[in-house]
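I have placed the structure first, in the form of structure tokens, so that the comments after it can refer back to it.
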Amino acid sequence: MLLSFPQKKVKARGEQTLIPRGCHVVPPRNDVGIIPHSAYIYYLKYHCLKNDTTTNVSIPRNLLLLLSFFEGACVMVAELAGGKMLAPFYGTSLYVWASTLALTLGGLTIGYYWGGELSKKDLPQRKKTLFLILAIASALVIVMPMTARFIMARTLDMGFLTGVITSQIFFLMPPIMGMGMVSPMLISLIAENNNSGKAAGLIYAISTLGGVLATMITGFWLVPLVGISLPCIVAGGLLLLLTIIVLRPKNKIMAGVLLLLLVPAFFFYRSNQHRETDKYKILYHTEGMLGQVKVVDFTYTENGLNIPSRVMLVNHNWQTWIDRNDKNFSFLYYTRFTNAIIRSMPQGSKALLIGLGGGTVAHQLEQHGMSYDAVEIDGRLPELAEKYFGLKHAIANTAVDDGRHYINVCKKKYDLIIVDALLGENIPSHLLSKESFEQMKKLLTDNGKIFIEFDGIRQEDDGLAQQMVYNTLNSAGLNTRIFSSSPKRTNYDIMYIAGKTKDNTYDTTQIITDKYYPIKGQLKLFDVTDMLGNPSVAVITDENPGLDYYLRDRMVAFREDYLGNYNAEFLEDNMSFFR
């Protein structure tokens with residue numbers, strides 16, 4: 033019998049009947065004021081027991097809390113993985129993470145509301161609905177690596193922002209929305225004697241704790257170790273299995289079918305470990321909190337030449353690109369200018385390199401016998417630079433740190449500081465502020481120089497961002513000149529060279545031509561300082577960075593261009609986008 037809770041006795045026609053304590057219904061009476069026993073039992077069943085919340089004791093409270101814990105963990109695994117899955121397709125700019133956060137919160141908002149509505153159902157229906165919601169939501173997390181790749185491969189032709197948002201609406205929002213519906217329903221199951229506030233606080237605390245632990249474990253351990261896909265499969269699988277154990281659904285066939293989704297999910301995970309396609313050979317592939325890193329070999333064809341190439345891809349941005357047979361040779365234009373500046377430095381000079389990457393610039397420093405310190409925020413890269421890109425001292429010379437923090441605490445002096453930390457659409461504006469340049473100035477010797485590689489001015493841009501960097505260097509008390517990788521043109525890579533004093537001794541340094549870069553001449557021929565025509569006097573500060581805002585169109589255009597050229601080719605060649 034269901035009446036397994038505190039009870040009281042009442043009389044109906046001389047018989048004693050048990051009803052739940054606290055139930056205050058008024059049963060019907062006949063014309064002489066007597067309560068027929070059968071009428072009382074009918075009324076008790078459909079008007080008292082139906083509304084009594086203490087009948088939830090058939091599911092132990094601790095198991096419901098365990099469900100809440102794993103649901104919270106699964107939400108954060110899905111959100112973290114959803115953002116990381118976007119990276120090789122759409123990058124990691126502020127737009128991408130803003131979309132991830134907005135759609136996660138949007139999914140939870142809708143889920144909370146509908147979960148509250150569904151919690152009005154009677155107990156048997158609530159349990160059945162809760163099982164369906166949890167089972168489907170956890171199954172969607174299991175298959176999210178597959179659905180994400182499938183959907184994003186079909187949104188490449190959309191605009192950048194449209195593609196980002198559309199992709200996440202279809203592969204991230206549904207499981208988040210489903211899990212958002214769970215908490216209100218669990219609250220309705222554990223609330224006793226109208227203690228809904230206490231129940232809500234407990235459920236949300238347990239759920240959030242699960243999310244916190246899952247974020248730490250997934251971000252700092254699982255993703256770097258096994259990639260993005262496996263945490264989704266494991267988290268979704270555990271939640272689905274726990275849902276079946278705790279809620280014990282009558283429909284065993286549906287539960288079994290959903291569990292079978294683990295098979296294709298694991299197959300997808302294993303297939304993504306494949307490291308070679310018709311055109312590309314993946315030598316190294318890891319995921320991490322700081323992004324995806326790949327080292328890939330392929331043959332590049334230019335002007336009838338087949339050049340054996342090696343590239344480091346960070347979130348599918350071409351971070352380093354060299355000739356496999358000649359590791360001194362880089363395909364990136366600006367490295368001809370870093371090489372020129374390094375060759376112009378006196379013997380015994382010491383350099384600071386902010387941004388190691390694959391080590392092209394560090395390799396130039398080593399080739400010219402210059403002592404250097406490097407700063408790289410991603411601890412994987414120094415080892416890769418030595419293993420795949422020919423460096424000898426990258427591990428010993430590199431501090432794993434953020435460049436801004438390093439210069440804030442550094443006590444050394446340098447003759448040359450090279451800022452090589454820009455990558456694709458990611459602009460480290462905290463390294464380009466007035467306060468940052470003032471700190472770098474303190475680290476320079478009297479004749480020291482700062483070299484910064486930056487984006488050129490696109491035809492449709494007004495050059496405000498480039499002018500702001502120039503203004504900021506000058507406002508920090510540095511004498512600054514601007515050079516372009518193509519004479520008298522500002523739509524190619526531009527470079528800033530700044531120092532404490534006016535020093536033009538490097539003007540006669542030769543830019544050396546090669547098989548990929550045919551332009552040569554003295555460095556002064558590439559000076560475009562007078563070509564920046566924007567009249568703005570704005571500067572970049574820590575309090576008002578501004579640079580990301582003024583480069584927003586460029587960030588979007590870069591990704592759209594990149595999607596059309598490289599990602600489409602990677603997809604066509606069936607390269608794995610994430611593990």
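Under the working numbering, the very last position in the sequence shown is 611; numbers go up by exactly one each time.
Cβ atoms here follow ideal geometry from the backbone N, Cα and C, with glycine treated the same way.
None of the values given here were measured: they were computed from a predicted structure.
Counting of Cβ neighbours within 10 angstroms places residue 133 among the exposed residues, the total staying below 16.
Beyond the five residues adjoining it in sequence on each side, residue 376 comes within less than 6 Å, by CB distance, of 538 and 541 in the same chain, given in chain order. Annotation for residue 560: 514, 516 and 522 place their beta carbon closer than 6 Å to its own, counting only its chain and skipping 5 residues before and after. Residue pairing by DSSP places residue 329 opposite 313 and 342 in a beta bridge. In this structure residue 157 is exposed. Its beta-carbon is surrounded by fewer than 16 other beta-carbon atoms within 10 angstroms. In the DSSP assignment, residue 451 falls outside any alpha helix (DSSP H) and lies within the beta strand (DSSP E) extending over 446-451.
Counting only runs of 4 or more residues that sit fully inside the segment 122-190, the alpha helix (DSSP H) segments are 126-150, 155-174 and 176-185, in chain order. Sixteen is the threshold: since fewer than 16 other Cβ atoms of the shown chains lie within 10 Å of the Cβ of residue 567, the residue is exposed.
Take residue 276, set aside five residues on each side of it, and the residues of its chain with a beta-carbon closer than 6 Å to its own are 287, in chain order. Residue 406 is bridged by DSSP to 385 and 430.
If you draw a straight line from the Cα of residue 182 to the Cα of residue 161, it comes to about 29 Å.
By a beta-carbon distance limit of 8 Å, residue 204 contacts residue 110. Their separation comes to about 7 Å. Within 10 angstroms of the beta-carbon of residue 599 lie 16 or more other beta-carbons, which makes it buried. Contact between residue 117 and residue 180 holds: their C-beta atoms lie close to 4 Å from each other, under 8 Å.
For residue 273, the uninterrupted alpha helix (DSSP H) segment begins and ends at 261-279.
In summary, residue 371 is buried, with 16 or more beta-carbon neighbours lying within 10 Å of its beta-carbon over all protein chains present. Given a length threshold of 3 residues, each whole run of the beta strand (DSSP E) inside the segment 520-574 is given here in chain order: 526-531.
With contacts defined by Cβ atoms closer than 9 Å, residue 457 and residue 321 do not form a contacting pair. If you draw a straight line from the Cα of residue 465 to the Cα of residue 572, it is about 5 Å long. Distance between residue 264 and residue 217, taken at the CA atoms: about 24 Å. The Cβ-Cβ distance between residue 531 and residue 452 does not fall below 9 Å. Bridge partners of residue 484 according to DSSP: 451 and 528. Comparing C-alpha distances from residue 196 to each of 278, 128, 251 and 139 shows the shortest one belongs to 128. Check the Cα spacing between residue 584 and each of 519, 527 and 490: the tightest is with 490. Fewer than three Cβ pairs drawn from the segment 280-298 and the segment 323-331 lie within less than 8 Å of each other, which leaves the two stretches out of contact. Residue range 349-355 is occupied by the beta strand (DSSP E) that includes residue 351, with no alpha helix (DSSP H) assigned at that position. Its chain contains 407 and 431 as the residues whose beta carbon lies nearer than 7 Å to that of residue 438, once the 5 sequence neighbours on both sides are disregarded; these appear in chain order. Collapsing the DSSP output to three states places residue 230 in a helix. Restricting attention to 603, 597 and 592, the CA atom closest to the CA of residue 191 is found in 592.
With respect to residue 482, residue 369 sits apart: the two C-beta atoms are not nearer than 9 Å. Beta-carbon to beta-carbon, residue 138 and residue 215 are separated by about 16 Å, too far to satisfy the 8 Å threshold. A direct Cα-Cα distance of roughly 33 Å separates residue 207 from residue 409. With a 10 Å radius around the Cβ and a threshold of 16 neighbouring Cβ atoms, residue 130 comes out exposed. Remark: C-beta atoms of residue 564 and residue 495 approach each other more closely than 9 Å. Residue pairing from DSSP places residue 512 in a beta bridge opposite 530. The closest CA to that of residue 339, considering only 479, 548 and 427, is found on 548.
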